[in-house]
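Contents: one structure, followed by commentary.
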Amino acid sequence: MLKSFKTELRPTEAQKDKIRRSIGICRFLYNQYVARNILLYRMYQRGLLDTHQKHFVTAMDFDKYVNHVLKKRLPWIDQCGSKARKKALVNAEHAFQRFFRGEGGFPRFKRKSREDVKLYFPKNNKGDWQIWRHKVMIPTLKQVRLKEYGYLPQDANVISGTVSCVAGRYYVSVTAEIDEKSRYNKDCETSYAPPSDGIGIDLGIKSLAVMSNGNVFRNINKSPKVRALERKLRREQRRLSRKYEMRKKKGGSAAAASANIGKKKLTVQRLHQRLTCIREDHENKVIHAIVKQKPRFITVEDLNVRGMMKNRHLAKAIAGERFNSFLQKLRRKAEITGIELRIVDRFYPSSKRCHACGHVLRDLELRERTYHCPACGYKEDRDFNAALNLRDAKEYRTA
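Oh and the sequence shown: position 166 is 173 in the working numbering, straight run, nothing missing.
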């Protein structure tokens with residue numbers, strides 16, 4: 008089984024400079040590939056290309072163009088490894104293929120401020136991706152120290168890895184072959200509870216997850232720590248906006264950056280990264296606590312997150328809960344541990360159905376947090392009632 012391990016690096020200044028240069032080159036080639044295909048498609052629409060001429064360039068063809076033509080005009084392209092450059096072009100081609108199949112939007116240009124480009128390095132030689140307790144051997148970067156000792160598996164067979172930079176911090180992600188099921192089952196035998204019955208989980212905004220067995224996991228976005236960071240983020244974003252406005256008033260370009268603007272942007276990026284890490288850590292702990300109970304099955308609802316985000320009053324709260332990420336990780340963990348994951352249709356009235364008699368209360372409003380059945384007088388918390396209905400749902404599909 009292939010599994011990825013991600014941890015933070017502690018590179019030297021020379022290694023940092025090489026990583027930044029390589030990421031910039033990959034981003035440049037990605038944008039060049041997208042621009043070339045856009046140009047060819049527009050020429051094809053206007054009839055400037057013959058029928059036998061290609062109106063779409065593949066990643067392999069563009070890589071040949073880079074090696075034989077573009078590198079002669081721009082020799083600094085050779086400062087980045089060939090495998091990393093080719094992987095960036097392959098990712099761009101996959102983006103176009105997803106668009107052609109209707110699975111995604113049109114590929115966009117990569118922005119420097121987004122820092123969403125990763126350096127890909129396969130294992131070509133025996134010494135590549137050798138892992139020690141405190142360092143890792145990365146192709147073209149040589150030995151790079153780790154910030155967290157002992158996390159990366161030293162005895163696993165590493166297939167490939169990527170290096171990325173987010174908010175001034177450098178990360179490495181390695182893909183290794185491990186027998187995760189046997190390792191997980193071994194841990195379950197020693198530290199986990201005995202197997203239990205199935206559970207239903209109702210995801211929401213008031214609480215992240217309410218379980219049918221009575222467990223409730225809080226919304227981490229309502230904690231004092233996260234709210235303080237969000238207030239600090241708003242202040243720093245206002246300060247960054249004022250710097251752009253002052254630059255515009257002085258006659259400069261609003262898009263041009265200065266040293267102070269760069270420092271303030273880095274401060275904003277670090278706050279975003281810290282909030283993301285706190286939310287991701289919380290959802291990982293919640294999923295671990297759910298799976299640790301070893302239920303026979305887990306039932307969740309197929310949420311229409313995109314439709315829920317259209318409510319402008321709740322969009323920010325819904326985005327902070329990361330429902331899609333939570334469900335993807337829960338599906339992955341259930342697959343590893345052998346737990347059946349049941350997904351109920353999004354139109355199933357889990358919140359409006361009475362768990363005692365089955366009556367459906369059509370006019371139940373979102374502000375009503377206690378379910379009161381007019382047919383049998385049943386009273387229960389709205390989210391807990393939904394979790395019970397999800398647990399006992401008869402129509403579902405397995406993930």
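All C-beta atoms, glycine included, are put in the ideal place defined by N, C-alpha and C.
When C-alpha distances from V173 are compared across P82, F113, L278, the shortest belongs to L278. Closest option to V170, judged by alpha-carbon separation, among K359, L148, D162, Q161: L148.
Here D204 is exposed. Its C-beta has fewer than 16 other C-beta atoms within 10 Å. Setting aside the 5 residues that flank it on each side, Q244 is surrounded in the same chain by V275, each with a C-beta closer than 7 Å to its C-beta; the list follows chain order. Under DSSP, G207 forms a beta bridge with T306. The beta carbon of A394 sits closer than 7 Å to the beta carbons of G207, I208, D209, V217, M218, S219 from its chain, once the five residues preceding and following it are set aside; these are given in chain order.
Taking 8 Å as the cut-off, the Cβ atoms of G111 and A99 do not count as close.
Its chain contains I32, C33, L36, D70, V73, I84 as the residues whose beta carbon lies nearer than 8 Å to that of R92, once the 5 sequence neighbours on both sides are disregarded; these appear in chain order. Positions of the beta strand (DSSP E) runs, each at least 3 residues long and wholly inside the stretch 337-368, are given as 347-351 in order along the chain. Distances from the alpha-carbon of E252 to those of L240, R338, I268 put I268 closest. I294 places its beta carbon 8 Å or farther from that of I227. Between R249 and F330, the alpha-carbon positions lie close to 34 Å from each other. Annotation for N132: no alpha helix (DSSP H) segment contains it, and DSSP assigns it neither H nor E. Closest in alpha carbon position to K125, among G314, L159, I30, is I30. Contact between R389 and T377 holds: CB atoms are separated by about 6 Å, below the 8 Å threshold.
The alpha-carbon of A42 is positioned some 12 Å away from that of M50.
If you draw a straight line from the Cα of E342 to the Cα of A406, it comes to about 9 Å. In the DSSP assignment, M315 falls within the alpha helix (DSSP H) that extends over 312-315.
In summary, G314 is exposed, with fewer than 16 beta-carbon neighbours lying within 10 Å of its beta-carbon over all protein chains present. In the three-state scheme derived from DSSP, where H, G and I count as helix and E and B as strand, N267 is classed as helix.
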